[in-house]
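Shown next, in structure tokens, is the structure this report addresses.
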Amino acid sequence: MKIHKSHITLWAIAFVLLWIIAFLLCSSAGAAHIGLGEVRDLWLSKIFGSSTDMAGGDKSALIYWQIRVPRLILATFTGIALSTTGAAFQSIFRNPMADPYVLGISSGASLGAAIAIIMGLDGSFLGISGMAFVFAIGTLLLVFSIASRSGHMRSQILLLAGIALSLLSSALVSLLLVLNREKIERVLFWTLGGLNTANWPQLWGIIPIVIIGTFILFYYARPLNLMSMGNETAQSLGVNTQRSTLILLVTSSLVISVIVANTGVIGFAGLIIPHIIRLITGPDNRLVIPLSVVAGAIFLMVSDTLARVVIAPSELPVGSITALFGVPYFLFLLYQSQKKM
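Okay, so the sequence shown: first residue is 417 according to our numbering, each after it adds one.
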């Protein structure tokens, strides 16, 4: 049952409250357990400046403010980036199975990051994020050109091209691993996906890009609605589809490349979240994108917390947790599309 637009504010408030609850619960869980009472005291200490703080040498405070909170914030903005770009891709390509992971863009960005690591470009002007962006854009353009060779976008070809290029990128990363064993740990990180390197300086570089990118995607929500009905319809209603598509794809690729450069490849969040939100709100991206922001943040926080606690004190790659949710959902969408044919 779809929600009425007059109730969207209540749903948005409910989602934000759910995020706050999830944040507090997830920040309490981990190998070093920090009870909810301690979490409350730590926040009161931080807000009101009482005696219990990190500077006082409190171990729980140190773990909480320097490890847990940055990691949860990184999970939040990773979820926002993946879910909102997934929503945009599904409207642009008119395909509920389109997302940066399935279309090979995340894998392409991962390949670019791996090459940057092996070439020692970490501190250069281009750097890991720059190489990830270049390869993300290159993969996107290649998928786009393959799918539209007949003069119009074909969803099935789009999907198959994305999967093929994703497999190719993964194979090239594996080859790089074999040829550069001394850097295998760093490169392997990008293929698995993880948030364990989260820190405050890293966040200051990620948060502005994700926020700006999300606002651009939301600004184009109405053109996205029209483009989801077909480019001809959108053009007849005054949308410059070529310019809009270019801006949306470049923006999405920039956001995804920055995320991949810092977290590796985390799949399926961009597929699951916007699709579920559309089941709740309907196809209007003016509702889908804002609610996907909060839902994506919650999904990644919960997934990362499961990755931390399932085999604690060791960790699972968060990408494996999202895949456990995403693969069955992807197969379900394939089954649904087959029924409609």
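Note that beta-carbon positions come from the ideal geometry of N, C-alpha and C, so glycine has one too. Model, not experiment: these values are computed from the prediction.
- LEU687 has its alpha-carbon roughly 19 Å from the corresponding atom of THR607.
- Secondary structure note for ASN701: its alpha helix (DSSP H) is the uninterrupted segment 701-725.
- Every alpha helix (DSSP H) of 4 residues or more that sits fully in the stretch 470-496 is shown, in chain order, as 475-479.
- Distances from the CA of ILE579 to each of PHE439, SER673, LEU488 and GLY683 were compared; the closest alpha carbon is that of GLY683.
- If only uninterrupted alpha helix (DSSP H) runs of at least 4 residues are considered, those enclosed by the stretch 417-459 are 424-444.
- THR679 sits buried, since 16 or more C-beta atoms from the chains shown fall within 10 Å of its C-beta.
- VAL676: member of the alpha helix (DSSP H) spanning 657-679, first to last residue.
- Judged by their CB atoms, ILE693 and ALA711 are nearer to each other than the 7 Å cut-off.
- The three-state reading of DSSP puts PHE509 in coil, since its state is none of H, G, I, E or B.
- With 16 or more neighbouring CB atoms inside 10 Å of its own CB, PRO706 falls in the buried class.
- Taking all protein chains shown into account, ASP538 has fewer than 16 neighbouring C-beta atoms within 10 Å of its C-beta and is therefore exposed.
- Shown here for VAL704: same chain residues with a beta carbon closer than 7 Å to its own, the five before and five after excluded, namely ALA503, PRO690, ILE693, ARG694 and THR697 in chain order.
- Between the alpha carbons of THR613 and ILE625 lies a distance of about 19 Å.
- Nearest to SER582 by C-alpha distance, out of LEU747, ALA447, GLY554 and GLU601, is GLY554.
- DSSP, read as helix, strand or coil, puts GLY698 in coil.
- For GLY742, the CB contacts under 7 Å within the same chain, skipping 5 residues up- and downstream, are GLY683, PHE684, LEU687 and ILE688 in chain order.
- With a beta-carbon spacing of about 19 Å, ILE627 and ALA552 fall beyond the 8 Å limit used to define contacts.
- In the structure shown, PHE684 falls within a coil segment according to DSSP collapsed to helix, strand and coil.
- Counting along the chain, no alpha helix (DSSP H) covers SER564, and no H or E run does either.
- Note on THR649: under 16 other CB atoms within 10 angstroms of its CB, so exposed under the neighbour-count rule.
- For GLU648, the uninterrupted alpha helix (DSSP H) segment begins and ends at 647-652.
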